[in-house]
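For reference, the structure discussed in these notes is given below.
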Amino acid sequence: MSVTEEPTILRFEGGIIGLPAVTQFVLTSVSADAPPDALFQLLRSVDGEVSIVVTQPWLLFPDYNPDLPNTDLSELGISSSEQMTIFNPVVLDADEGCVYVNLMGPFVVNVDSNAARQVVLADSEWPLRARVDLS
Numbered sequence: 186m187s188v189t190e191e192p193t194i195l196r197f198e199g200g201i202i203g204l205p206a207v208t209q210f211v212l213t214s215v216s217a218d219a220p221p222d223a224l225f226q227l228l229r230s231v232d233g234e235v236s237i238v239v240t241q242p243w244l245l246f247p248d249y250n251p252d253l254p255n256t257d258l259s260e261l262g263i264s265s266s267e268q269m270t271i272f273n274p275v276v277l278d279a280d281e282g283c284v285y286v287n288l289m290g291p292f293v294v295n296v297d298s299n300a301a302r303q304v305v306l307a308d309s310e311w312p313l314r315a316r317v318d319l320s
């Protein structure tokens with residue numbers, strides 16, 4: 186009998202933009218055969234009602250270096266970069282046949298406590314829809 190590891194629940198106090206009532210998510214693969222370090226992953230609500238495609242931004246935008254507000258980091262209990270990981274929402278636009286990454290609204294996670302939040306980088310140069318060339 187094999188023991189499967191329980192998925193880590195990320196807690197977004199206050200939810201995320203557009204989904205304030207959905208506060209608990211797990212990070213999963215987009216498919217059963219996808220490697221754990223795949224380009225895209227799913228941020229899936231614990232109840233299974235909501236799934237958001239996400240990516241680690243540096244895989245597509247190596248120069249991504251968001252200036253995260255100290256208030257957000259403090260409220261998440263983050264005092265060093267080693268305590269956090271960042272995922273960004275992805276938009277798959279079937280009409281245009283394009284993939285976009287939201288670099289303005291990253292999901293920041295405290296890897297020690299699993300506290301998370303979506304941070305809005307309103308006064309930054311990072312775009313809301315950064316086009317990705319997957320060719």
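Every position in the sequence shown, counted from 1, becomes a number in our numbering once 185 is added. Here a beta-carbon is modelled for each residue, glycine too, at the ideal position from N, C-alpha and C. Small disclaimer: the values here were computed from a predicted structure and weren't measured.
Note that the C-beta distance between ILE194 and GLY290 is not below 8 Å.
Ranking LEU245, SER216, PRO242 and GLN268 by CA distance to the CA of ALA300 puts GLN268 first.
Judged by DSSP in its simplified three-state form, THR193 adopts coil rather than helix or strand.
A distance below 7 Å between beta-carbons, with the five flanking residues on each side excluded, links LEU253 to the following residues of its chain, in chain order: VAL293 and VAL304. A direct Cα-to-Cα measurement between PRO312 and LEU288 gives close to 6 Å. ASN273 is bridged by DSSP to THR240. In the DSSP assignment, the residues bridged to ALA301 are PHE197 and VAL294. By the Cβ-count criterion, LEU277 is exposed, with fewer than 16 other Cβ atoms from all chains shown falling within 10 Å of its own Cβ. Here the segment 244-251 makes no contact with the segment 205-220; the two share fewer than three CB pairs at distances below 8 Å.
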